[in-house]
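*Asks:* Below is a structure I'd like to ask you about.
Protein chains: 2
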Amino acid sequence: MESLIIDSPLDMHLHLRDGDMLELVGPLTSKSFSGALIMPNLAPPITTKEALLSYKQRILNACSEDDFKPYITIFFQVDYSYEFLKEIKDEIISVKLYPFGVTTNSETGVASMDINVLRPTLQSMEKLGIPVCIHGETKGFILDREKEFLPIYESLAINFPKLKIMMEHISSKESIDLLKKYDNLYATLTVHHLLLTLDDVIGGMLNPHAFCKPIVKKPEDRDALLQLALDAHPKVMFGSDSAPHPKEKKETSDGAAGIFSAPIALQALAEVFEKNGKLDNLNAFVSLNAQKIYGISPIKKSIKLVKKDFIVPNTYNFKNEKVVPLFAGEILSWSLED
Amino acid sequence: MESLIIDSPLDMHLHLRDGDMLELVGPLTSKSFSGALIMPNLAPPITTKEALLSYKQRILNACSEDDFKPYITIFFQVDYSYEFLKEIKDEIISVKLYPFGVTTNSETGVASMDINVLRPTLQSMEKLGIPVCIHGETKGFILDREKEFLPIYESLAINFPKLKIMMEHISSKESIDLLKKYDNLYATLTVHHLLLTLDDVIGGMLNPHAFCKPIVKKPEDRDALLQLALDAHPKVMFGSDSAPHPKEKKETSDGAAGIFSAPIALQALAEVFEKNGKLDNLNAFVSLNAQKIYGISPIKKSIKLVKKDFIVPNTYNFKNEKVVPLFAGEILSWSLED
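Chains as they are written, first to last, in UniProt numbering: chain A, 1 to 338; chain B, 1 to 338.
Have a look at this one:
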């Protein structure tokens, strides 16, 4: 059977949540990844050393595999001191910055993206070599939010030339030009922004399980982002933004934003890279690029995919938690080896 | 208390469904409207004289008011003969044309919008003076479907100059120019396309109860359509496209398209017309324009609205049917008089 080895795949943007949900989704990532950058938007968010160390331990317990490494982040606050950041530097891989109210649990995000307000923290991070990961959206019209945020990315890139700035889950073709323009800008790409458009959310029946922020956009956006991934452009890396919510919080009158893609991500990527004749670039996209961008050496772990139908489960369950994955009930052409 | 009389309001685009759902939603329209144009997309659709007469009677039974008139339509088929159309002419107000697969129960819609395929039926209708109501969307990218359909409207307007063509529930500003260009084009406007944008569906939490086809679009689309309504432009008339679905078919993994607005429509219109200083034009928009366009004289019925908070119910219920209205739980500033 045709097969494929991915060396130490890394998911550089992942939501693992906490409690039963963490126990449900953690192992689904540690099964197919060597490491993952864990987002800190719990409620309350991770903002102290104690909280991050404790969360890291809960993740390790949930994943129960010694060949998986969670790369921990903390939630950006404008009052982090240089001393605090220095103290936790070795425990974290980056700081995640959310503008207020743009997505799940971002109510404690920064109220203003005014560079003078952000400057002290970002300068400390720049000095200490700590990257910043940013959810780059304004509060404007849904389809324009990322585009409207680009001047802020640009201003940050100019003002903090030695700060590594990660444009998280980019979703618009306009973001690509800016990404290429500044040496200190990098980006993560999700599976869903490479494969879906707005048609998959609202084009047929309404699909709450394809609803996320930033929203998937037009075919030309998807195509431009996919090309970047297929080329394994050195400034992009894979970050699933897999963001599980309980089924009942998605299929309701006010559905939560977030796509759960962790257990199907590698399989779906293999399928689209193969279809486009770019399988040779997959390892760079899902591992090598991130290693270079973040300067990390992941745990050595070989993941074997086989060319065999994978019927995506309708739900993943644990205790009372039930989560619907992206592509539930559909068939992907690659499977994880049993 | 400030009050307002609307003379013989007409809803020129309404889905009443059948069975228990008809019994639930019928009275909610007949309470506040003098008449309504009833869409024929039942499953199976209304395509025979027997079916339309029987449906009309079921509607009258459900509404149980002698001051409400359902204006019946049939579902466009390419094989309707001139004789058939002549026979049912006095029983119907128009024929509704659905392209295949664009919305709820449109699986039996026309497979091709090729003018030569449609010509025999449309010529018969033109000769008999029967208008055509069209759901004008292609199967393209969700935000472009109406725009892409405009050349078809234009071709129909040119080829059948004496056929009255109703551009149903227009949702894009591009449609307005075309509407004004040809004498035989008219349009209905819904409440939701005048008040909502895509932000109300996917901008915050996901709202399945604001999900419909054609999808609500950008602020500039909404604003241009609203201006047309506020001006009571003589080529437009109110048609709610109120399209109830059971709550459980909206709040699910493949949610049905359709907004249930019948019981809140007049109140919401009064609010926005008042806010824009155009209350004087409301009667033209919700009644007089339709009378002129269709050449009908509705049952005389005065609906009194009072300036009093109306807390929109979370659901409307009957037997096992439960439907969530637009603006559920919100407060409108006008109420129907008790």
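Idealized CB from N, CA, C, for every residue including glycine.
Within 8 Å, do at least three Cβ pairs link the region 195-202 of chain A to the region 145-153 of chain A?
*Replies:* no
*Asks:* Anything in chain A within Cβ reach of B:Glu146, meaning under 7 Å, just list it in chain order.
*Replies:* Those do not exist, as B:Glu146 stays about 13 Å from chain A at its closest Cβ, beyond 7 Å.
*Asks:* Does residue 399 of chain A come within less than 8 Å of chain B when only Cβ atoms are used?
*Replies:* Only positions 1 to 338 of chain A appear in this structure, which leaves residue 399 of chain A out of reach.
*Asks:* Residues of the region 142-170 of chain B with a CB closer than 8 Å to any CB of chain A: list them in chain order, please.
*Replies:* Contacts with chain A (Cβ-Cβ distance below 8 Å) from the region 142-170 of chain B involve Ile142 and Leu143, listed in chain order.
*Asks:* Can you pull the chain B residues whose beta carbon is under 8 Å from the beta carbon of A:Ala256, in chain order?
*Replies:* Met205 and Leu206
*Asks:* So which residues of chain B does A:Pro99 contact, with C-beta pairs closer than 7 Å?
*Replies:* Result: empty, since nearest Cβ-Cβ is about 15 Å, beyond 7 Å.
*Asks:* Are the C-beta of A:His192 and some C-beta of chain B separated by less than 8 Å?
*Replies:* no
*Asks:* I'd like to know whether the C-beta of A:Asp199 is nearer than 8 Å to at least one C-beta of chain B.
*Replies:* So yes, A:Asp199 belongs to the interface.
*Asks:* Measuring CB to CB, does B:Val286 end up less than 8 Å from B:Leu305?
*Replies:* In this structure, B:Val286 sits away from B:Leu305, with a CB-CB distance that is not shorter than 8 Å.
*Asks:* State yes or no: is the beta carbon of A:Val117 nearer than 8 Å to at least one beta carbon in chain B?
*Replies:* no
*Asks:* So, do the region 273-280 of chain A and the region 315-327 of chain A have three or more beta carbon pairs nearer to each other than 8 Å?
*Replies:* no
*Asks:* Leaving aside the five residues before and after residue 393 of chain A along the sequence, list all residues of the same chain whose C-beta is less than 7 Å from its C-beta, in chain order.
*Replies:* In this structure chain A extends from 1 to 338, so residue 393 of chain A is not present and cannot be described.
*Asks:* Cα-Cα, which of A:Lys247, A:Glu248, A:Asp183 and A:Ala224 is closest to A:Pro234?
*Replies:* A:Asp183
*Asks:* Of all the alpha helix (DSSP H) runs that stay within the bounds of the region 92-175 of chain A, which reach a length of 4 or more residues?
*Replies:* 115-128 and 145-159
*Asks:* List the endpoints of the continuous alpha helix (DSSP H) containing A:Ala265.
*Replies:* From DSSP, the alpha helix (DSSP H) with A:Ala265 extends over Ala265 to Lys275.
*Asks:* How big is the Cα-Cα spacing for A:Leu22 and A:Ala62?
*Replies:* 7 Å
*Asks:* Does any residue of chain B have a CB that is nearer than 8 Å to the CB of A:His209?
*Replies:* yes
*Asks:* Measure the alpha-carbon distance for B:Lys278 versus B:Asp231 and round it to whole angstroms.
*Replies:* 8 Å
*Asks:* Considering only residues of the same chain and omitting the five flanking positions on each side of B:Ala265, which have a CB-CB separation below 6 Å?
*Replies:* Val191 and Ser240
*Asks:* Suppose you measure from the CA of A:Ile293 to the CA of A:Asp90; what does that come to, to the nearest Å?
*Replies:* A:Ile293 and A:Asp90 have their C-alpha atoms roughly 17 Å apart.
*Asks:* Please say whether A:Ser34 and A:Leu296 have beta carbons closer to each other than 8 Å?
*Replies:* In the sequence on display, residue 296 of chain A carries Ile and not Leu. Result no, Cβ atoms of A:Ile296 and A:Ser34 do not sit closer than 8 Å.
*Asks:* Where does B:Lys278 sit, in a helix, a strand or coil, going by DSSP?
*Replies:* coil
*Asks:* Only counting the same chain, and skipping five residues up and downstream in sequence, which positions put a Cβ closer than 8 Å to that of A:Phe331?
*Replies:* At residue 331 of chain A the sequence reads Ile, which differs from the Phe that was named. Hits under 8 Å: Asp309, Phe310, Ile311 and Val312.
*Asks:* Could you have a look at B:His15 and say whether DSSP puts it in helix, strand or coil?
*Replies:* coil
*Asks:* Rounded to whole angstroms, what's the CA-CA distance from A:Ile162 to A:Pro219? Just pull it up for me.
*Replies:* Ile is not the amino acid found at residue 162 of chain A; the sequence shown has Lys there. C-alpha separation (whole angstroms): 34 Å.
*Asks:* Give the DSSP-derived three-state secondary structure of A:Asn317 in the structure shown.
*Replies:* strand
*Asks:* I want to verify the contact list: residues of chain A whose CB lies under 7 Å from the CB of B:Thr252, in sequence order.
*Replies:* Glu251
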